[in-house]
Amino acid sequence: MAAHEAYIKQHLSKYRHKALTKAALLSTIKTFPGLRPEEDTFVFHDLKKTSLLSLNGTIPVLYKGKCLKVLNLA
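The sequence shown runs 5 to 78 under our numbering.
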């Protein structure tokens, strides 16, 4: 978790709400440890590009009483 926190802190320099974003990301990673933060390029409808943090990985999904890790977020 400390490695994720350091990575997030390093990539939040351009964010307006750094503390809120960091808290939300770390809370989500704590709830779903299969997720990891990554920086990726987001393209807006007007084709403007910016680098944003995202969470990638798998989260558990309950199906018929069984816990499956099939939902891949990317």
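Quick reminder that beta carbons are idealized off the backbone N, C-alpha and C, glycines included.
*Enumerate in chain order the residues of its own chain whose CB-to-CB distance from Thr45 is below 7 Å, with the five nearest sequence positions on each side excluded.*
Cβ neighbours of Thr45 beyond the five flanking positions: Lys53 and Ser55.
*asked:* Does Leu30 come out as helix, strand or coil in the three-state DSSP assignment?
replied: helix
*What's the gap between the Cα of Lys73 and the Cα of Arg40?*
Across the structure, Lys73 and Arg40 are spaced so that their CA atoms are roughly 15 Å apart.
_C-alpha distance - Thr35 paired with Leu57, whole-angstrom precision_ = 18 Å
*Following the continuous beta strand (DSSP E) through Tyr67, name the residue where it begins and the one where it ends.*
Lys53 to Tyr67
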